[in-house]
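Asks: Chains as they are written, first to last, in the working numbering: chain A, 1 to 114; chain B, 1001 to 1109. Quick reminder that beta carbons are idealized off the backbone N, C-alpha and C, glycines included. In this text, all values refer to a predicted model and were calculated from it rather than measured experimentally.
1) Please tell me whether residue 956 of chain B and residue 1039 of chain B are closer than 9 Å, where the distance is taken between their beta carbons.
2) Any beta carbon from chain A within less than 9 Å of residue 1062 of chain B's own beta carbon?
3) Got a sec? Which residues, its chain only, sit under 8 Å from residue 1106 of chain B by beta carbon, not counting five neighbours each side?
4) Any residues in the segment 94-112 of chain A with a beta carbon nearer than 9 Å to a beta carbon of chain B? Which ones, in chain order?
5) For the beta strand (DSSP E) holding residue 1049 of chain B, just list the boundary residues, first then last.
6) Along the chain, where does the beta strand (DSSP E) containing residue 71 of chain A start, and where does it finish?
7) Looking at chain E, is there any beta carbon in it that lies within less than 9 Å of the beta carbon of residue 1008 of chain B?
8) Figure out for me which residue from A:83, A:100, A:49, A:103 has the closest Cα to the Cα of residue 77 of chain A.
9) With DSSP collapsed to three states, give me the class of residue 77 of chain A.
10) Between the Cα of residue 55 of chain A and those of A:33, A:111, A:73, A:99, spot the shortest distance and give me the residue it belongs to.
11) With distances taken between CB atoms, is the gap from residue 4 of chain A to residue 93 of chain A smaller than 9 Å?
12) Looking only at C-alpha atoms, which of B:1098, B:1063, B:1025 sits nearest to residue 1076 of chain B?
13) Output the distance between the C-alpha atoms of residue 39 of chain A and residue 1032 of chain B, rounded to the nearest integer angstrom.
14) Based on the DSSP output, what are the partners of residue 1020 of chain B in its beta bridges?
15) Given a threshold of 16 other Cβ atoms within 10 Å of its Cβ, counted over all protein chains shown, does residue 71 of chain A qualify as buried or as exposed?
16) Could you tell me whether the Cβ atoms of residue 108 of chain A and residue 1041 of chain B are closer together than 9 Å?
17) Over the uninterrupted beta strand (DSSP E) stretch that includes residue 1011 of chain B, give me the two end residues.
18) Which whole-angstrom value describes the C-beta separation of residue 1044 of chain B and residue 1021 of chain B, a residue pair presumed to lie in contact below a C-beta threshold of 8 Å?
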């Protein structure tokens, strides 16, 4: 069964450094998402992406964040200058354009900012 | 904020049915009820969804009341691997997923 994959599974970085989290969505999916979950808290929406542009973003997704689909398979989340509070699990998700519009999530990348 | 209310935790014995309730009294006519679950720190997993009819798939059944103000997710024969946080989410299908705190289901031997 096709699945969303994410790399790396765990990323440790120093405050102020740039990180890129990578996702490979399911191949026939058209809509892509990033969510994050700070330890012990709710899963929070960051951004959605369709047709090579951002379709919706949350207040969390400020200028430090960017997303890109550099080729036909990868979907990336870049954090330009990481802060301690960016430490979280980051989940990528994707879906088709057809009902029932369920989103399929990847296993996540644990980002630790020191 | 999430449009749903769920109990924070529930217990279930292995092999028994787990019935997880959800209140969504402000649901709109075009909104579906979706259920996802999250097994410890893994990515959320889609379980089932419904509009107004009861639904069943290989994972679970979804019972939606006639007024659509509440629903129940049923895991007919819970196993230890069903221990997870279960999220009830109301959305129109196009919108993003808004996760609440969900229900922590603990399945015990």
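Replies: In brief:
1) No answer is possible for residue 956 of chain B: it lies beyond the span of chain B, which begins at 1001 and ends at 1109.
2) Taking a beta-carbon distance threshold of 9 Å, residue 1062 of chain B does not count as an interface residue toward chain A.
3) Same-chain partners within the cutoff: 1009, 1010, 1011, 1012, 1083.
4) Listed by position along the chain: 99, 100, 101, 102, 103, 104, 105, 106, 107, 108, 110.
5) Per DSSP, residue 1049 of chain B belongs to the beta strand (DSSP E) from 1045-1050.
6) Looking at the DSSP string, residue 71 of chain A is not in any beta strand (DSSP E), and its letter there is neither H nor E.
7) Chain labels in this structure do not include chain E; the protein chains are A and B.
8) With distances taken between Cα atoms, residue 77 of chain A lies closest to A:49.
9) DSSP places residue 77 of chain A in strand when its eight states are reduced to three.
10) For the options A:33, A:111, A:73, A:99, the alpha carbon positioned closest to that of residue 55 of chain A is the one of A:33.
11) Against a cut-off of 9 Å, the Cβ pair of residue 93 of chain A and residue 4 of chain A comes out as a contact.
12) For residue 1076 of chain B, the nearest C-alpha among the options comes from B:1063.
13) Going from the Cα of residue 39 of chain A to the Cα of residue 1032 of chain B covers about 29 Å.
14) Bridge partners of residue 1020 of chain B: B:1073.
15) So residue 71 of chain A ends up on the exposed side.
16) In this structure, residue 108 of chain A places its C-beta atom within 9 Å of the C-beta atom of residue 1041 of chain B.
17) For residue 1011 of chain B, the enclosing beta strand (DSSP E) begins and ends at 1009-1013.
18) With a Cβ gap of about 19 Å, residue 1044 of chain B and residue 1021 of chain B do not count as contacting.
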